[in-house]
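Those protein sequence lines, which keep their order, are chains A and B.
With our numbering, the residue at position 230 of the first sequence is 230, and numbering never jumps.
With our numbering, the residue at position 287 of the second sequence is 1287, and numbering never jumps.
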Amino acid sequence: MIRRLACLLPMLALIGAAKPTLVPDVSQRDIDIIYSFTGAQLLLFGAILYPGGQKPGPNDPPSDIIIVVKGPTQSIQVREKQKVAGIWVNAARMRYRSAPSFYAVASSRPLDQLVDDRTRAIYEMGLDRLQLSPVSSAPASEQKRFSQGLVKLRESSGLYYQAPHAVEITDGVLYRARINIPARVPVGKFTAETFLVRDGRVLAAATREIYVRKSGFERFVARTAQKDGFFYGLSAVFLSVMLGWGAGALWRRF
Amino acid sequence: MDLYLPVANLSVNALVIVLLGGGVGLISGMFGVGGGFLTTPLLIVYGIPPTVAAASAASQVTGASVSGVFAHFRRNGVDVKMGLTLAGGGFFGSLVGAQIFHLLQKTGQIDTVIGLLYVILLGSIGGMMATESIRAIRNTRSGQATRARKRRHHPLIASLPFRTRYYASGLYISPLAPALTGFFIAILTTLLGIGGGFMMIPIMLYIFGMQTRVVVGTSLFNTLFISATATMAHSLTTHAVDIVLAALLLLGSVTGAQIGVRFAQSIKPEYLRLALAAMVLAVAFRMALGLGWRPDEIYSVALS
Chain A
1 MIRRLACLLP MLALIGAAKP TLVPDVSQRD IDIIYSFTGA QLLLFGAILY
51 PGGQKPGPND PPSDIIIVVK GPTQSIQVRE KQKVAGIWVN AARMRYRSAP
101 SFYAVASSRP LDQLVDDRTR AIYEMGLDRL QLSPVSSAPA SEQKRFSQGL
151 VKLRESSGLY YQAPHAVEIT DGVLYRARIN IPARVPVGKF TAETFLVRDG
201 RVLAAATREI YVRKSGFERF VARTAQKDGF FYGLSAVFLS VMLGWGAGAL
251 WRRF
Chain B
1001 MDLYLPVANL SVNALVIVLL GGGVGLISGM FGVGGGFLTT PLLIVYGIPP
1051 TVAAASAASQ VTGASVSGVF AHFRRNGVDV KMGLTLAGGG FFGSLVGAQI
1101 FHLLQKTGQI DTVIGLLYVI LLGSIGGMMA TESIRAIRNT RSGQATRARK
1151 RRHHPLIASL PFRTRYYASG LYISPLAPAL TGFFIAILTT LLGIGGGFMM
1201 IPIMLYIFGM QTRVVVGTSL FNTLFISATA TMAHSLTTHA VDIVLAALLL
1251 LGSVTGAQIG VRFAQSIKPE YLRLALAAMV LAVAFRMALG LGWRPDEIYS
1301 VALS
């Protein structure tokens, strides 16, 4: 990978734009879910190209990188349990039109040291700045309670997280970060947005796409279960009858 | 050994699931029950979504009952006509059950309903089984022979119209009674992923007054039918049957069941029933705690 990046370096001299640009890449463009899938680790890396090849000097403000990885958005319903007549039941709910199924933000320094709240809100940097678009006319305090509940729930299963020091920058030019994607993510298009931040301002941004999909047998099973329930059900029944009968027949010989 | 479940969308330790199936199979072989009442809660505790757990547990019940049905057929212990009447009602029951499941899922109450039904059903039946088996043990200890119950069906059953003869069961009753029983038990099968044998057998014995010889075989025959129908109903409506999960459970449970059957022959039936009652009550107690205690996660997410 280092060699690959080294090839990019001569390009620095060719770029003459006034603003720095980003050349991002990911270790895997496609994540295939197969039987042994227990999650994936993505390596996001790239180079910062400065105009005229001029790296900022030691007295200039340092460059920082923020990487936001988002999974496909889902329309979801969050339910809240309350104690009713002695038992805990789902009593209240809130609908969200487009909540990301996965969200990770990695940065070279804690987010609040890099950018102000407005910038964070614009680029959805940080778990408290997610745009979840609730479908509700409930008071703001209630909406906040629900979105905090959702974020906490997904944090505990590794679906949402922030990693404040996860981006390493080498020589102010090369950066890299590892993002863990758990096995529970849905399939679909993931986006990795990389932001170059200096002096509280976003100077450059670049996006890469990653496709997570089931492949082979897992793909076949999931598709059949959704699309051809009758055949799927018959196969499940057949499998159980054959296994039950086979074990019985086998054991009777002893 | 980690294995990805394509419908549940998560990865599990295959060995744990096979052992879980094996343990349930052992119990189902020992006590002649399907074991679904244990599979579903255990899977939920392991972290499988309740819908997938209930849907996939039904196919484990099918596998566990198959070899039992064959064994009972060989010694003429199945009243096929009675079994088909039950299964006929059960067919409609599982369709209705799947609709109820879908509705409860949409309103978000499925977990609570599954929990409540478990507590009520298992609690009451476990309690009855425990008192009955303790009485039986006491009677054998004091050398008193247990009075045989007069085999007579419930007056309510006798009042139903269209009577027909069930030769193997020694009954002349309306087919409506078994059909309705099959209907309601199939609803529970679809909702809870249980076979319902532990409810079916007492009803057959004490309400229908069936010949004891055919009770277990016929109940298993019905369980086989209903659990297969429930699997079909789930495949068509909730799409939540995970065939990989089911296969893992089956691998364990069919083996466990065979060991259980052999093991059971060396234990007195009263003690076996008492042990089953204790287990049923333990599951009911655990589910009751789950309902009453503050859960770890107040919030839950469902796709809409």
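We put the beta carbon where it would ideally sit given N, CA and C, even for glycine.
Test: residue i CB closer than 9 Å to a CB of chain B
i: A13 (chain A); result: Caution is warranted here: a pLDDT of 46 is assigned to A13 (chain A), below 50, making its placement in the model unreliable, and the coordinate value is therefore given only provisionally. Cβ-Cβ to chain B under 9 Å: no for A13 (chain A).
i: F190 (chain A); result: no
i: K55 (chain A); result: no
i: L153 (chain A); result: yes
i: P72 (chain A); result: no
i: V78 (chain A); result: yes
i: S240 (chain A); result: yes
i: Y160 (chain A); result: no
i: N180 (chain A); result: no
i: K214 (chain A); result: yes
i: K83 (chain A); result: yes
i: L243 (chain A); result: yes
Closest residue to residue i among the options (Cα-Cα distance)
i: L114 (chain A); options: A:A40, A:Q131, A:A104, A:V197; result: A:V197
i: V1113 (chain B); options: B:P1041, B:F1070, B:F1091; result: B:P1041
i: K189 (chain A); options: A:L127, A:I210, A:A247, A:F238; result: A:I210
i: V1254 (chain B); options: A:G244, A:W251, A:L250, A:R253; result: A:G244
i: R97 (chain A); options: A:S133, A:S63, A:L111; result: A:S133
i: A1179 (chain B); options: B:H1102, B:S1056, B:T1062, B:R1163; result: B:R1163
i: L1248 (chain B); options: B:T1039, B:T1190, B:L1122; result: B:T1039
i: Y1118 (chain B); options: B:A1098, B:T1189, B:G1090, B:K1081; result: B:T1189
i: V1280 (chain B); options: B:R1135, B:V1033, B:T1229, B:M1204; result: B:V1033
i: I1017 (chain B); options: B:A1087, B:L1003, B:F1037; result: B:L1003
i: D1242 (chain B); options: A:S141, A:L203, A:S235; result: A:S235
i: A1130 (chain B); options: B:F1285, B:R1273, B:A1284; result: B:R1273
i: G216 (chain A); options: A:K19, A:Y35, A:T21, A:L22; result: A:Y35
i: S240 (chain A); options: B:P1006, B:L1250, B:L1236; result: B:L1250
i: E168 (chain A); options: A:I33, A:L43, A:K19; result: A:L43
Cut-off 6 Å between Cβ atoms - residues of its own chain near residue i, not counting five sequence neighbours on either side
i: D1111 (chain B); result: P1050
i: A40 (chain A); result: I31, I181
i: L12 (chain A); result: Per-residue confidence for L12 (chain A) stands at a pLDDT of 48, beneath the threshold of 50, marking its modelled position as unreliable; no derived number is given.
i: R208 (chain A); result: P24, V26, A192
i: G1068 (chain B); result: L1220
i: S1059 (chain B); result: T1231, A1246
i: I76 (chain A); result: Y96, A99
i: T73 (chain A); result: S98, P100
Limits of the unbroken alpha helix (DSSP H) element including residue i
i: M1232 (chain B); result: 1212-1236
i: S1286 (chain B); result: Residue identity differs from the one stated: residue 1286 (chain B) is Arg in this sequence, not Ser. Here the alpha helix (DSSP H) through R1286 (chain B) covers 1269-1292.
i: S1094 (chain B); result: 1080-1107
i: D112 (chain A); result: 111-114
i: A1240 (chain B); result: Premise fails: A1240 (chain B) is in no alpha helix (DSSP H) and is neither H nor E.
i: I1203 (chain B); result: No alpha helix (DSSP H) contains I1203 (chain B), which DSSP labels as neither H nor E.
i: L44 (chain A); result: That residue, L44 (chain A), is in no alpha helix (DSSP H); its beta strand (DSSP E) goes 39-49.
i: A1008 (chain B); result: From DSSP, A1008 (chain B) is part of no alpha helix (DSSP H); its letter is neither H nor E.
i: R256 (chain A); result: There is simply no residue 256 (chain A) to check, as chain A begins at 1 and stops at 254 in what is shown.
Chain A contact for residue i (CB, 9 Å cutoff)
i: A1175 (chain B); result: For the record, residue 1175 (chain B) in the displayed sequence is Pro; it is not Ala. Judged by the 9 Å Cβ criterion, P1175 (chain B) is not in contact with chain A.
i: T1212 (chain B); result: no
i: S1219 (chain B); result: no
i: S1067 (chain B); result: yes
i: T1255 (chain B); result: yes
i: D1079 (chain B); result: no
i: V1283 (chain B); result: no
i: F1070 (chain B); result: yes
i: V1018 (chain B); result: no
i: I1298 (chain B); result: yes
i: T1189 (chain B); result: no
Residue span of the beta strand (DSSP E) that contains residue i, given as start and end
i: M94 (chain A); result: 87-100
i: I31 (chain A); result: 30-33
i: S1133 (chain B); result: Counting along the chain, S1133 (chain B) falls outside any beta strand (DSSP E), though it belongs to the alpha helix (DSSP H) covering 1110-1141.
i: I1185 (chain B); result: Element bounds for I1185 (chain B): not the beta strand (DSSP E) but the alpha helix (DSSP H), 1176-1192.
i: S1300 (chain B); result: 1299-1303
i: Q226 (chain A); result: Note, Q226 (chain A): premise wrong, no beta strand (DSSP E); alpha helix (DSSP H) at 216-227.
i: A104 (chain A); result: 103-107
Same chain only: Cβ atoms within 7 Å of residue i, ignoring 5 sequence neighbours per side
i: H1072 (chain B); result: V1078, V1216, G1217, L1220
i: A183 (chain A); result: F37, T38, G39
i: G1025 (chain B); result: G1035, A1064, G1252, S1253, V1254, T1255, G1256, A1257, G1260
i: V173 (chain A); result: A47, I48, K55
i: S1304 (chain B); result: none
i: Y161 (chain A); result: A104, E155
i: G16 (chain A); result: Per-residue confidence for G16 (chain A) stands at a pLDDT of 43, beneath the threshold of 50, marking its modelled position as unreliable; the derived number appears in the next sentence. The residues are P51, G52.
Beta-carbon contacts of residue i that lie in its chain and below 8 Å, excluding the five residues immediately before and after
i: L14 (chain A); result: Per-residue confidence for L14 (chain A) stands at a pLDDT of 48, beneath the threshold of 50, marking its modelled position as unreliable; no derived number is given.
i: L1116 (chain B); result: L1291
i: F1092 (chain B); result: F1183, A1186
Quiz item: At what residue ranges does the segment 143-205 of chain A contain a whole run of the beta strand (DSSP E), taking only runs of 3 or more?
Solution: 160-163, 168-170, 174-182, 188-198
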